[in-house]
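Note sheet for the following structure.
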Amino acid sequence: MPCYFTFLADKRIPLTVELLGMAERCVNEETLEILRQASVDNFAKKINNGGGDQQGGRGGAEENCGELLDLNLPRELRLKCSELTTLIQAEKDKKEKNLMNKKIFKWRGHGWTRCDVELINSFNKQQEEIKKKIDSIYLRTANKKYEILRNEDTRFCAFCGEFGDGDQELTGRLLNLDANEWVHVNCALWSAEVHVTEE
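Numbered according to this note's numbering, the sequence shown spans residues 102 to 300.
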């Protein structure tokens, strides 16, 4: 508050009696004397111009808060206290109106739905169908890959003469016996040429 009254004293802006009373509590004697002199000069100017009662309606609003701009400026640029309060009120009304007019986003066509067993089962059915489709695709591609690998395998068993790895239930996979010699697991186990050495 003291800086406000110091600003008014520097600009020689007149104050009302109430504001001068407030200034007495906030500023030093020198600043208070400048503010009083500005108010007295303004009062004398109005009396000498003969506009004490003629400008009463307009001047009263200006005197209540003091003229916040320099007196040398044109009348249009002076900030009036009454205009300021109406501007503030208009701005508040505008904000409230905007809040009232602001629409809340609503999802169209979506309301509350109840979750029941049928709804849950519908998701499970879709998952099962998707799993079946994926499994069938995987089996088709896996069988093709296995057949391709089996057909391209040039290794053969030294005992039975079959090419590539055999079925797990019959001959089994090929094991390396020596350089470029291969033997199925089951052929090696049941062969007469396999013997056990004791050490």
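Every residue, glycine too, gets a C-beta built ideally from N, C-alpha and C.
Delimiting residues of the beta strand (DSSP E) encompassing Glu119
Counting from one through the sequence shown, the residue named residue 119 turns up at place 18. From DSSP, Glu119 is part of no beta strand (DSSP E) but of the alpha helix (DSSP H) over 118 to 127.
The beta strand (DSSP E) enclosing Asn277, as first and last residue numbers:
Along the sequence shown, read from residue 1 onward, the residue named residue 277 stands at position 176. Taken as a continuous stretch (DSSP letters only), the beta strand (DSSP E) holding Asn277 covers 275 to 279.
Here's the rule I'm using: 16 or more other beta-carbon atoms within 10 Å means buried, otherwise exposed. How should Ile114 be labelled?
Within the sequence shown, residue 114 is the residue found at index 13, counting from 1. Result: buried.
For the alpha helix (DSSP H) containing Glu134, name the first residue and the last one.
Translated into positions along the sequence shown, residue 134 becomes position 33. Segment 130 to 150, the alpha helix (DSSP H) holding Glu134.
State yes or no: is the C-beta of Asp254 within less than 9 Å of the C-beta of Asp268?
Mapped onto the sequence shown, residue 254 falls at position 153. Mapped onto the sequence shown, residue 268 falls at position 167. Cβ distance not < 9 Å, so Asp254 and Asp268 don't count as in contact.
DSSP puts Glu282 in a beta bridge; with which residues?
Position 181 of the sequence shown holds residue 282. Answer is Asp279, bridged to Glu282.
Compute the Euclidean distance between the alpha carbons of Leu220 and Tyr239, then round it to the nearest angstrom.
Taking the sequence shown and counting its residues from 1, one reaches residue 220 at position 119. Taking the sequence shown and counting its residues from 1, one reaches residue 239 at position 138. The alpha-carbon atoms of Leu220 and Tyr239 are separated by roughly 29 Å.
Which of helix, strand or coil does DSSP assign to Cys258?
Numbered from 1 along the sequence shown, position 157 holds the residue referred to as residue 258. Taken through DSSP and simplified to helix, strand or coil, Cys258 comes out as strand.
What are the start and end residues of the alpha helix (DSSP H) that includes Cys104?
Locating residue 104 in the sequence shown gives position 3, counting from the first residue. Unbroken alpha helix (DSSP H) run through Cys104: 103 to 112.
Quick one: what's got a C-beta closer than 7 Å to Asn143's C-beta in the same chain, skipping five residues either side?
If you number the sequence shown from 1, residue 143 lands on position 42. These residues qualify, in order along the chain: Pro115.
What residue from Ser292, Arg126, Asn225, Asp111 has the CA that sits closest to Ile135's CA?
In the sequence shown, counting from the first residue as 1, residue 135 sits at position 34. Among Ser292, Arg126, Asn225, Asp111, the Cα nearest to that of Ile135 is on Asp111.
Tell me the rounded alpha-carbon separation between Gly262 and Glu282.
As a working mapping, residue 262 is identified with position 161 in the sequence shown. As a working mapping, residue 282 is identified with position 181 in the sequence shown. Going by the C-alpha atoms only, they are around 11 Å apart.
State the CB to CB distance for the pair Thr107 and Val128, rounded to an integer number of angstroms; the pair is presumed to be in contact (CB under 8 Å).
Indexing the sequence shown from 1 puts residue 107 at position 6. Indexing the sequence shown from 1 puts residue 128 at position 27. Going by Cβ atoms, the distance from Thr107 to Val128 rounds to 7 Å, so yes, they are a contact pair.
Here's the rule I'm using: 16 or more other beta-carbon atoms within 10 Å means buried, otherwise exposed. How should Ala191 be labelled?
Residue mapping note: residue 191 aligns to position 90 of the sequence shown, counting from 1. Classification for Ala191: exposed.
Whole-angstrom distance between Ser223 and Ile189, CA atom to CA atom:
In the sequence shown, residue 189 corresponds to position 88, counting from 1. In the sequence shown, residue 223 corresponds to position 122, counting from 1. Distance between the alpha carbons of Ile189 and Ser223: 59 Å.
Within 9 Å (strictly less), CB to CB, does Leu271 reach chain D?
Included in the structure is just one protein chain, with no chain D present.
Rounded C-beta distance between Ala259 and Leu278? I'm assuming under 8 Å.
The residue you call residue 259 lines up with position 158 of the sequence shown. The residue you call residue 278 lines up with position 177 of the sequence shown. At roughly 6 Å, the Cβ-Cβ gap stays under 8 Å, so Ala259 and Leu278 are in contact.
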